[in-house]
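Structure first, commentary second.
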Amino acid sequence: MKLIELRNITKTYGQGQAQFQALKGVNLSIDKGDFVAVMGPSGSGKSTAMNILGCLDVPTGGEYQFRDVQVEKLDRNERALLRRYYFGFVFQGFNLLARTSAQENVELPLLYRGEPSSVRHHLAKAALEKVGLSRWWDHTPAELSGGQQQRVAIARAIVTQPELLLADEPTGNLDSQRSHEIMELLVSLNREQGITILMVTHEPDMAEYAKRIVTFVDGNVASDVRNAEKPAKTPEPEQALLADALRSEVIDAVE
Ligand code: ADP
Ligand code: MG
5 MKLIELRNIT
15 KTYGQGQAQF
25 QALKGVNLSI
35 DKGDFVAVMG
45 PSGSGKSTAM
55 NILGCLDVPT
65 GGEYQFRDVQ
75 VEKLDRNERA
85 LLRRYYFGFV
95 FQGFNLLART
105 SAQENVELPL
115 LYRGEPSSVR
125 HHLAKAALEK
135 VGLSRWWDHT
145 PAELSGGQQQ
155 RVAIARAIVT
165 QPELLLADEP
175 TGNLDSQRSH
185 EIMELLVSLN
195 REQGITILMV
205 THEPDMAEYA
215 KRIVTFVDGN
225 VASDVRNAEK
235 PAKTPEPEQA
245 LLADALRSEV
255 IDAVE
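Residues in the sequence shown are numbered consecutively from 5, following this note's numbering.
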């Protein structure tokens, strides 16, 4: 089933002499359940495209269809509803609230949605469990490693059970080991929960985890290739979470 269709999407920043065309007529279609890595040189329009897809920004021209909704016809409030009910966001810098526990950070999107506290607690607890951080629910970001902070951010992104997860360089601030762990988590969310994922990355190793690689060059899609189907190279999710919990315990004991 088709989830997203972009037709001839353009984006121009600035006015007059300072005008810059960041997207020059992007066409892209994404099926439900796909896992797309977006690659390409710096300045090629990857973040601009992601922001438009996530309704954080609007295109200058073209059509954006999400399910059966023509997104370019929506007003500001309708776009906010789409974000709240259908999209989850993960950024390179985690963007967690500093003096706030993991649990409360994860509850935030539910608070915006007006969910009562019992529902927020229950869903946030389940989301923290999915990312292997149950034990860390009352820790603030400063008390967590970078990899753990990104897991909290992923829990916050999936707590609303979004249809589409948008991740802009989610492993950009992490070392190689943590990056692979985050990718394994994204693969399992895609496989087990059927969440469609769109992820910008500079690293070919990370893009290998995706099902498909779309490369942007100079404001346009320059190539679009499917990765070969691989047998699951990740361990069973429960084992992965268990291994992670054990690892956390070890780190905990050492620190
Ligand atoms: P990427 O994520 O691929 O590195 P971006 O989508 O962030 O690229 O940016 C594409 C181009 O648009 C760049 O040349 C950037 O300088 C320009 N750009 C991005 N955002 C703005 C903005 N708010 N105002 C003006 N130019 C912008
Ligand atoms: Mg970018």
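Even for Gly, the Cβ is constructed at its ideal location relative to N, Cα and C.
For residue i, the first and last residue of its enclosing alpha helix (DSSP H)
i	result
Asp-172	Counting along the chain, Asp-172 falls outside any alpha helix (DSSP H), though it belongs to the beta strand (DSSP E) covering 168-172.
Glu-1	Since the first and last residues shown for the chain are 5 and 259, residue 1 lies out of range.
Ala-211	208-211
Lys-6	Segment 6-17 is the beta strand (DSSP E) holding Lys-6; no alpha helix (DSSP H) there.
Val-62	Note, Val-62: premise wrong, no alpha helix (DSSP H); not H, not E.
Arg-117	Per DSSP, Arg-117 belongs to no alpha helix (DSSP H) and is neither H nor E.
Val-156	150-162
Arg-195	180-197
Cα-Cα separation between residue i and residue j, rounded to whole angstroms
i	j	result
Leu-178	Gly-151	7 Å
Gly-198	Lys-215	13 Å
Glu-212	Val-42	11 Å
Leu-114	Val-94	16 Å
Arg-139	Phe-220	40 Å
Leu-127	Tyr-90	16 Å
Arg-83	Thr-205	26 Å
Asp-222	Leu-60	21 Å
Gly-20	Thr-52	20 Å
Lys-3	Asn-81	Absent from the model: residue 3. The displayed extent of the chain is 5 to 259, so no value can be given.
Arg-87	Tyr-68	14 Å
Leu-132	Asn-109	11 Å
Ser-192	Ala-22	44 Å
Whole-angstrom C-beta distance between residue j and residue i, which should lie under 8 Å
i	j	result
Gly-136	Arg-155	7 Å
Gly-66	Leu-10	7 Å
Ile-217	Leu-169	With a Cβ gap of about 17 Å, Ile-217 and Leu-169 do not count as contacting.
Pro-174	Gln-74	Incorrect: roughly 29 Å between the Cβ atoms, too far for contact.
Ala-157	Leu-100	6 Å
Local Cβ density within 10 Å of residue i, reported as buried at 16 or more and exposed below that
i	result
Gln-107	buried
Asp-79	exposed
Tyr-116	exposed
Phe-24	exposed
Glu-147	exposed
Leu-190	buried
Pro-208	exposed
Ser-122	exposed
Arg-103	exposed
Pro-166	buried
Ser-46	exposed
Glu-185	buried
Ser-227	exposed
Arg-124	buried
Ser-33	exposed
Chain C contact for residue i (CB, 7 Å cutoff)
i	result
Lys-215	Structure shown: chain C not included; a single protein chain is present.
Boundaries of the beta strand (DSSP E) in which residue i is found, first to last residue
i	result
Arg-230	224-230
Ser-33	24-35
Ile-201	200-204
Gly-66	65-70
Ala-131	Unbroken run through Ala-131 is the alpha helix (DSSP H), 121-134; no beta strand (DSSP E).
Ala-41	39-43
Thr-219	216-221
CB contact flag (residue i, residue j, <7 Å)
i	j	result
Ala-26	Gly-44	no
Ile-8	Val-30	no
Met-210	Ala-171	no
Pro-63	Lys-6	no
Asn-194	Phe-39	yes
Ala-161	Gly-92	yes
Thr-144	Ser-105	yes
Lys-77	Asn-224	no
Gln-153	Phe-98	yes
Check: residue i C-beta below 6 Å from any heavy atom of the ligand FAD
i	result
Gly-176	Absent from the structure shown: the ligand FAD. Ligands present: the ligand ADP and the ligand MG.
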